[in-house]
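Okay, structure first, notes after.
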Amino acid sequence: MKKLHVKCSVFVFCFCAAHPFNHLIDTLQTEKNKAKKYFNPQKLGDPKYERLPFSIRVLLEAAIRKCDGFYVKQEDVQNILNWEKLQNEAEIPFSPARVLLQDFTGIPALVDLAAMRDAVAKNGIDPNLINPKCPTDLIVDHSLQIDFSKLVGFMALLLHAPRQETALKNQEMELIRNKERLQFFKWCSKAFKNVSVVPPDIGSVHQVNLEYLSRVVQESEGFVFPDSVVGTDSHTTMINGLGILGWGVGGIESEAVMLGQPVSLTLPQVVGCKLVGSISTLATSIDIVLGITKHLRQAGISGKFVEFFGPGVSQLSAADRTTIANMCPEYNATVSFFPVDETTLKHFKQTSKDKLEVMESYLKAVKLFRSSDDQAEDPHYSEVIEVNLNSIMPSVSGPKRPQDRVPVTCMKEDFLSCLNEKVGFKGFHIPREKQGILVPFQHEGTEYTLSHGSVVIAAVISCTNNCNPSVMLTAGLLAKKAKEAGLTVKPYIRTSLAPGSGMVTHYLNASGVLPYLSQLGFEVIGYGCATCVGNTAPLPESVVDAIKEGDLVACGVLSGSRHFEGRLCDCVRANYLASPPLVVAYAIAGTVGIDFEKEPLGLNAEGKEVFLKDVWPSKEEVQDVEEHTVVASIFRALRSRIQKGSPFWNNMDVPDSVLFPWDPKSTYIRCPPFFSKLVKVSVPGSIDNAHALLFLGNKVTTDHISPAGSIARISAAAKYLQSKRLTPREFNSYGARRGNDAVMTRGTFASIKLQNRLIGKTGPKTLHVPSGQMLDVFEAAERYQRDGFPLIILAGKEYGSGSSRDWAAKGPYLLGVRAVIAESFEKMHKNHLVGMGIAPLQFLPGQNADSLELSGKERFSISLPEELTPQQELTVLTSTGKSFSVVTLFENEMDVAFYRHGGLLKYVARSMLQ
Ligand SMILES: *[C@@H]1O[C@H](CO)[C@@H](O)[C@H](O)[C@H]1NC(C)=O
Ligand SMILES: *[C@@H]1O[C@H](CO)[C@@H](O)[C@H](O)[C@H]1NC(C)=O
Ligand SMILES: *[C@@H]1O[C@H](CO)[C@@H](O)[C@H](O)[C@H]1NC(C)=O
């Protein structure tokens, strides 16, 4: 009998939990690994699948796997499958595989989860059950990194040097406060499942994401599926270069994803960018990236997905792809996606060998792996733009301004014409008869000659080029081949090498090219951009004299960033920006007046001519060295740093507790009151007798609403911090205090640009109607709350426009705002309001506060029906006897549920209690 009962309940459980797409589950058999399951969208039996862009297939798989009838419905799966018809129309959910946070924006989300643990524990539920519902990586790289290195320095100072009184004292205070946040992060990494923290001083978010966290294929609970990510970092889009769909989101979206809610987006249009033709030999990765970016910028693809295809794709290395993907903000695409192919696999061989077999067979099984040469695999796109890689001309710029681009093939011709032209950006006006002058001079006992166009300074600098090592490697390999071919650089030329970081030196050395660079005179002179300005050492006097004697236009060639760094030296009149390998080439040639196609770079020891094409490394050579030495060595170094941690981080004490031990004295981390009075069921009833906290006009942005920038000395937040015995010097910014709701709530509507019609002037104040007093918005809200008045906000058109700010919805919620009545809302902000349990209510078309003759001083009652439905008309009654209608802007039952529960946070907490 007992047995039967158990069976029954199991059956009932399974029945309830049956996944609507069970029939799509397949099993992956691989040699080494245990069988793994996956959802195979091809089993839908719909021919449309193979026509979908690869990026849309990723969205589809996620919708299938996450289909639960609440957050994701079967209809959503159908809509994505019908992408060709419904693109740009249907709203769809997307549940990324993981979330990427950086410390600054990540703090509020983790503080909320810690608070949720307290709340469920108070209700007798095991707080261990509260964890992010998807893997969350937090990388401490922003604000705290600098402070952290200061801290390490400070600790060292304490050990080795006597104290230096007050200056140190202040520093100590500041550092101890940062320690609070670091300790919180470390506690999170121990207490929560699905949270990992990369400690400070390891690497930047995007580097760690690219090199360490990316998996292409994720695995959870026996299922494999494509990796995808949303991150609170603007470089998140880089990851699309590796076939991993992902983009940047605001703090509140990332928090919602951690709580299990999908991101909502309009089914995107996908522009296919077809790469054809082959890349000119002399073009470097930087030329390619800038060239493709220029095409995309002209194409106008704002808000769309871009997906690359065509035979040219295989010519781009993984690093080229991530760099192109990183440029998304320049052309406003949401993502620039490169489906996984052989190149991607080769890249991952260096970083995650063990998973490769599963990765490849899974992606092939669901048609997420592609060969860009096979046209039959090309999906349908919303539109196609074609970029011919032939059209990407390697070029240099100069002789005076960075915007004066000169194709390398025309360099000689262009320089000669500059000699003729009258003095200007492109002219030196050298009389014709003097253009061929040769000036002999002695240098270290040998005679040389200088002429117009002679190179006297050649500087290889890696500033912005860092992220794409192939460019520096090309220079290194060129130096190696040139040296081996017997070429040299004339000793009077001031040559130098300034790698952007120690990492660049490391991989140049690891790949064996550093000695060749230094044999040609390109010795490491130091790090950082300060060296971009050149001028490391003065030119030899004999060279200066020769230039003066012949009134020569001598040249400097340097590989700076896109910005011209000013003149290198008074007597050097022509300065060109060129890629690092071209700097090496021009140094060897000794002149910019050379046509590389027709003229040799120089003669070897046997007097034989050596051309540039003889010593220029092929793309394959460079990519090979890059994958083997650079990627592998960067990855190894990073992994060992992450595994080792740092002594400070490792030695930092954090409690092993399940609940976070909030420090009541902390002014950075506080338990937010989102869960106060959490009971099992809650149905926010009608809104009775609400006061209008604010009466606003059109286009109130999230910058007006949310706390931002520094904390004004005269403000509610300042009063609070002073009550905690902080001096204004110690206030720090609102950004740094995101983990303290008390500061953030006081900073809500504290913008000096706020225009509130209740006070008739600009400023962060409002009228407390019952007393007639003018108060800080926070103080008025506090009084209303104390006296039991709910609050609403009256607003005009486009309420909440501007970029996504997490506290723009959290702040008003904590001020006691229950509804915003506006003429229209910015969509994203409206979603945030719903997520925080604030009702977005819209005036009927044609109506607004003025047409209804509202003063903002009346009280408002809004009765809600038992059965609240999306887009419902409600009646608002005012204390002056007026009545008007508004429409709820809830889009679905999910929105209604969030409102009923007082927001997503309470919704999730309460689902634990039930
Ligand atoms: C961690 O995330 C996975 C999704 O990858 C989820 O299935 C699992 O339930 C989460 N773990 C916990 C303890 O919440
Ligand atoms: C990108 O969007 C911004 C703001 O929406 C706009 O100002 C800019 O012109 C857009 N750029 C392109 C290339 O579409
Ligand atoms: C280059 O590597 C060699 C051997 O691995 C090492 O001895 C040398 O110090 C390195 N040089 C630089 C500049 O890093």
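Under my numbering, think of the first position of the sequence shown as -1, with each following residue one higher.
Virtual Cβ for every residue (Gly too), placed ideally from N, Cα, C.
Exercise. Over what stretch of residues does the beta strand (DSSP E) that includes H766 continue unbroken?
Worked result: K763 to H766
Problem set entry | Residue from V874, N890 and D622 whose Cα sits closest to the Cα of N883 | The sequence given here has Ser at residue 883, not Asn. It is V874 whose Cα lies nearest to the Cα of S883.
Exercise. Whose CA, out of A316, N330, T320 and I54, lies closest to the CA of Q296?
Worked result: N330
Exercise. Would you say the beta carbon of C132 comes nearer than 7 Å to a heavy atom of ligand 1?
Worked result: Because some heavy atom of ligand 1 lies under 7 Å away, the Cβ of C132 counts as near it: yes.
Problem set entry | Opening and closing residue of the beta strand (DSSP E) in which R96 lies | Start and end: R96 to Q100.
Exercise. Expressed to the nearest angstrom, what Euclidean distance is found between the alpha-carbon atoms of G745 and R857?
Worked result: 25 Å
Problem set entry | Contacts around A572, its chain only, beta-carbon distance under 8 Å, and the 5 residues preceding and following it disregarded | G396, P397, K398, F413, C416, F426, G451, V551, A552, C553, G554 and V590
For this session: Ignore the nearest five residues each way along the sequence and tell me which others in L962's own chain have a CB closer than 6 Å to its CB.
Result: With the chain covering -1 to 912 only, the question about residue 962 has no answer from this structure.
Exercise. Would a C-beta distance cut-off of 8 Å place F672 and L903 closer than the cut-off?
Worked result: yes
Problem set entry | Identity of the residue in E328, G308 and T321 nearest D339 by Cα | G308
Problem set entry | alpha helix (DSSP H) runs contained entirely in the stretch 212 to 297, provided each spans 4 or more residues | For the stretch 212 to 297, the full-length alpha helix (DSSP H) segments reaching 4 residues or more read 249 to 256 and 283 to 297 along the chain.
Exercise. Should P659 be labelled buried (16 or more other beta-carbon atoms within 10 Å of its own) or exposed?
Worked result: exposed
Exercise. Is it buried or exposed for F841, if we count other Cβ within 10 angstroms and need 16 for buried?
Worked result: buried
Problem set entry | N324 beta carbon less than 8 Å from that of M256 | no
Problem set entry | Three CB pairs or more closer than 8 Å across the stretch 820 to 832 and the stretch 794 to 801 | yes
Problem set entry | Per-residue burial, R711 [other beta carbons within 10 Å of its own, 16 or more giving buried] | R711 comes out exposed.
Exercise. Could you give the C-beta distance for L676 and I123, rounded to a whole number, given that I count them as a contact under 8 Å?
Worked result: Rounded, the Cβ-Cβ distance is 10 Å, inconsistent with contact.
Exercise. Once you ignore the five residues that flank H561 on each side, which residues in its own chain have a CB closer than 8 Å to its CB?
Worked result: The predicted position of H561 is uncertain, since its pLDDT is 41 and thus under 50; a value taken from the coordinates is nonetheless stated next. The answer, listed in chain order, is P400.
Exercise. Using the beta-carbon count (16 or more within 10 Å), is L50 buried or exposed?
Worked result: buried
Exercise. Which residue comes first and which comes last in the beta strand (DSSP E) that contains F693?
Worked result: I685 to F693
For this session: Would you mind stating whether A316 and V437 have Cβ atoms separated by less than 8 Å?
Result: In terms of Cβ geometry, A316 and V437 do not form a close pair [threshold 8 Å].
Problem set entry | For F9, three-class secondary structure by DSSP | The predicted model places F9 with a pLDDT of 32, which falls under 50 and marks its position as unreliable, so this point remains unresolved.
For this session: Identify, in the order they occur along the chain, each residue of the same chain with its Cβ nearer than 7 Å to the Cβ of N126, setting aside the five sequence neighbours on each side.
Result: V656
For this session: Indicate whether G246 and G229 have their beta-carbon atoms separated by less than 8 Å.
Result: yes
For this session: At 4 residues or longer, and completely inside the stretch 390 to 476: list those alpha helix (DSSP H) runs for me, N to C.
Result: 409 to 418
Exercise. If you drop the 5 nearest sequence neighbours on each side, which residues of the same chain put their C-beta closer than 6 Å to that of E381?
Worked result: V269
For this session: Measure the C-alpha to C-alpha separation of V582 and A456 and round it to an integer number of angstroms.
Result: 7 Å
Problem set entry | G104 - DSSP class collapsed to helix/strand/coil | Helix, per DSSP.
Exercise. At least one CB of chain D closer than 8 Å to the CB of I667: is that the case?
Worked result: The structure shown contains no chain D; it is built from a single protein chain.
Problem set entry | Element boundaries [alpha helix (DSSP H), containing A807] | W805 to L813
For this session: Quick one: grab the DSSP three-state call for Q313.
Result: Three-state DSSP puts Q313 in a helix.
For this session: Please determine, among A793, K855, L180 and Y732, the residue with the shortest C-alpha to C-alpha distance to P768.
Result: Ranking A793, K855, L180 and Y732 by Cα distance to P768 puts K855 first.
Problem set entry | Close Cβ partners of N86 (< 6 Å) along its chain, the five nearest in sequence each way excluded | Q267
Exercise. Is the beta carbon of L42 less than 8 Å from the beta carbon of V222?
Worked result: no
Problem set entry | From Q348, Q433, E607 and L580, residue whose alpha carbon lies closest to that of D928 | Only positions -1 to 912 of the chain appear in this structure, which leaves residue 928 out of reach.
Problem set entry | Option nearest N20 by Cα separation, candidates A33, T28 and P39 | P39
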